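Chain order of the listed sequences is A and B. The numbering of the first sequence is the numbering used here, which starts it at 9 and goes up by one. The numbering of the second sequence is the numbering used here, which starts it at 9 and goes up by one. These notes concern the structure reproduced below.
Number of protein chains: 2
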Amino acid sequence: MLGNQTTPAAFHVSTRGEYGMRLMVDLARHYGGGSVSLHAVAEREELPEAYLEQLVAILRKAGLVLGKRGAGGGYTLAREPAAITAGDVVRALEGPIEPQVCTAEGDPVFNCVREQRCGTRLVWLKLQSTIATALDGMTLAELARQTQQQDVTVAP
Amino acid sequence: MLGNQTTPAAFHVSTRGEYGMRLMVDLARHYGGGSVSLHAVAEREELPEAYLEQLVAILRKAGLVLGKRGAGGGYTLAREPAAITAGDVVRALEGPIEPQVCTAEGDPVFNCVREQRCGTRLVWLKLQSTIATALDGMTLAELARQTQQQDVTVAP
DNA sequence: AGAATTCCGACCATAGTGCTCGGGAATCAA
DNA sequence: TTGATTCCCGAGCACTATGGTCGGAATTCT
Numbered sequence: 009m010l011g012n013q014t015t016p017a018a019f020h021v022s023t024r025g026e027y028g029m030r031l032m033v034d035l036a037r038h039y040g041g042g043s044v045s046l047h048a049v050a051e052r053e054e055l056p057e058a059y060l061e062q063l064v065a066i067l068r069k070a071g072l073v074l075g076k077r078g079a080g081g082g083y084t085l086a087r088e089p090a091a092i093t094a095g096d097v098v099r100a101l102e103g104p105i106e107p108q109v110c111t112a113e114g115d116p117v118f119n120c121v122r123e124q125r126c127g128t129r130l131v132w133l134k135l136q137s138t139i140a141t142a143l144d145g146m147t148l149a150e151l152a153r154q155t156q157q158q159d160v161t162v163a164p
Numbered sequence: 009m010l011g012n013q014t015t016p017a018a019f020h021v022s023t024r025g026e027y028g029m030r031l032m033v034d035l036a037r038h039y040g041g042g043s044v045s046l047h048a049v050a051e052r053e054e055l056p057e058a059y060l061e062q063l064v065a066i067l068r069k070a071g072l073v074l075g076k077r078g079a080g081g082g083y084t085l086a087r088e089p090a091a092i093t094a095g096d097v098v099r100a101l102e103g104p105i106e107p108q109v110c111t112a113e114g115d116p117v118f119n120c121v122r123e124q125r126c127g128t129r130l131v132w133l134k135l136q137s138t139i140a141t142a143l144d145g146m147t148l149a150e151l152a153r154q155t156q157q158q159d160v161t162v163a164p
């Protein structure tokens, strides 16, 4: 392509985050009811099962889900739904919340020589903390519950 | 690559947004002092001038800057620095703030059939409004001023 | 006229996205 | 023990986005 203007969308969450979140909410809904197979999730959520395998592998390595092999096996949440936040899921699948390398989470990295005269660092810092706070404030329990009842009315 | 785990970073702002924001803050600092050439900006901010041309073209089409050709020409902000927000700049360069297509800005699009039973839509909705509020709350005037004084001390 | 500078569009290399496919290993049931 | 089920693992692949470069036209100032 070229000097393209059609910049698609800012802060877009890829299918990793999207599908992964749906997977986790699905597991939250069935929490306490034994293992859930990826096949079942893929069917309910209408997602490609082979692709979900990749995503759930990441979630397992992040310690968010437990896998059980064999017939009757499947996945379960590693902790109760109220103890897993949207931030946990997003960070596992999409990486650390980090608008810029100089605004990484946790450690205030000072690897940029322009640091002091940088007029834009504040933007990305604020953004980082804002996003993190929002995501860390939502648990899978809430998300699973919110959709039990059908009233998804959000004021703009 | 393959089933890669090294997911780089979530909510990463590309160089379009990064460089563009630095360009705009630079223009804000020189607001009222006539046109500023891209050459000067590129030198001060240590950015590739040819690439900046592309970015500033987008900003001009978005009505955020004005270009003046010829010797002594350059760019100026189209409005006063206090009337341009970080959100304006980011939206122009990176596209609308839209974590998911079903959570586009402005119009609550209902193009998703899963809508009602979708447990994750609330996450992206909240994220969208959170990000937009943060970015729209910062003006170029503030950013330009903040770095005049050297105290960039932000509590984590 | 000549220099400066914006404007415009083509081109290109690399990496990330969004999957598919094949096969191995564990577990359960008949 | 055989087979079905399911997780687990790694390779491959098409497409798009990213992050630029380059050459040249048009405009304006001196």
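Glycine is no exception: its CB is placed at the ideal position from the N, C-alpha and C atoms. Since the model is a prediction, treat every value here as computed from it, not as a measurement.
Member of the options whose CA lies at the smallest distance from the CA of residue i
| i | options | result |
| --- | --- | --- |
| glutamate 53 of chain A | A:Lys69, A:Leu72, A:Gly40, A:Arg30 | A:Arg30 |
| leucine 143 of chain B | B:Glu51, B:Leu130, B:Ala100 | B:Ala100 |
| tyrosine 59 of chain A | A:Thr147, A:Gly28, A:Leu85 | A:Gly28 |
| glutamate 88 of chain A | A:Arg77, A:Leu63, A:Met32 | A:Met32 |
| leucine 46 of chain B | B:Lys69, B:Val98, B:Val73 | B:Val73 |
| aspartate 34 of chain B | A:Thr128, A:Trp132, A:Val64, A:Leu135 | A:Thr128 |
| threonine 138 of chain A | A:Gly81, A:Glu113, A:Val97, A:His38 | A:Glu113 |
| isoleucine 66 of chain B | B:Ala48, B:Gly145, B:Asp96 | B:Asp96 |
| glutamate 150 of chain A | A:Leu130, A:Thr93, A:Arg77 | A:Thr93 |
| glutamate 26 of chain B | A:Val98, A:Leu133, A:Val64, A:Ser22 | A:Leu133 |
| glutamine 154 of chain B | A:Val64, A:Leu55, A:Val131 | A:Val131 |
| alanine 152 of chain B | B:His20, B:Ala17, B:His38 | B:His38 |
| serine 43 of chain A | A:Gly75, A:Gly145, A:Gln62, A:Leu135 | A:Gly75 |
| lysine 69 of chain B | B:Ala48, B:Leu85, B:Val49 | B:Leu85 |
| phenylalanine 19 of chain A | B:Val98, B:Gly145, B:Cys126 | B:Val98 |
| alanine 17 of chain A | B:Ala17, B:Arg77, B:Val21 | B:Val21 |
Residues bridged to residue i (per DSSP)
| i | result |
| --- | --- |
| tyrosine 59 of chain A | DSSP, once it has assigned bridges, lists no residue as partnering tyrosine 59 of chain A. |
| leucine 74 of chain B | B:Thr84 |
| threonine 147 of chain B | B:Thr93 |
| isoleucine 66 of chain B | Its beta-bridge partners do not exist; DSSP assigns none. |
| valine 109 of chain B | Answer is none; valine 109 of chain B lacks a bridge partner. |
| alanine 18 of chain A | B:Ile105 |
| valine 44 of chain A | A:Tyr83 |
Local Cβ density within 10 Å of residue i, reported as buried at 16 or more and exposed below that
| i | result |
| --- | --- |
| glycine 103 of chain B | buried |
| glycine 41 of chain B | exposed |
| arginine 24 of chain B | buried |
| proline 107 of chain A | buried |
| glycine 231 of chain A | No answer is possible for residue 231 of chain A: it lies beyond the span of chain A, which begins at 9 and ends at 164. |
| threonine 111 of chain A | buried |
| glutamate 51 of chain A | exposed |
| threonine 147 of chain B | buried |
| threonine 141 of chain B | exposed |
| alanine 36 of chain A | buried |
| glycine 82 of chain B | buried |
| alanine 79 of chain B | exposed |
| tyrosine 91 of chain B | It is worth fixing the name first, because residue 91 of chain B is alanine in this sequence and not tyrosine. Looking at its Cβ environment, which holds fewer than 16 other Cβ atoms inside 10 Å, alanine 91 of chain B is exposed. |
| glutamate 57 of chain A | exposed |
| leucine 10 of chain A | Note that leucine 10 of chain A scores a pLDDT of 35, beneath 50, so its modelled location is shaky; the value from the coordinates is reported in the next line. So leucine 10 of chain A counts as exposed. |
Output, in sequence order along the chain, the residues in the stretch 64-85 of chain B whose CB is closer than 9 Å to any CB in chain A.
Ala65, Ile66, Lys69
Determine which residues of the stretch 45-57 of chain A have a Cβ less than 9 Å from any Cβ of chain B, and write them out in chain order.
Glu53, Glu54
Counting only Cβ-Cβ distances shorter than 9 Å, please list the residues of the stretch 122-147 of chain A near chain B, keeping chain order.
Arg122, Glu123, Gln124, Arg125, Cys126, Gly127, Thr128, Arg129, Leu130, Val131, Trp132, Leu133, Lys134, Leu135, Gln136, Ser137, Thr138, Ile139, Thr141, Ala142, Leu143, Gly145, Met146
What residues in the stretch 23-42 of chain B bring their beta carbon closer than 9 Å to a beta carbon of chain A?
So the close ones are Arg24, Gly25, Glu26, Met29, Arg30, Met32, Val33, Asp34, Ala36, Arg37.
The stretch 98-110 of chain A: positions lying closer than 9 Å to chain B by Cβ:
Val98, Arg99, Ala100, Leu101, Glu102, Gly103, Pro104, Ile105, Glu106, Pro107, Gln108, Val109
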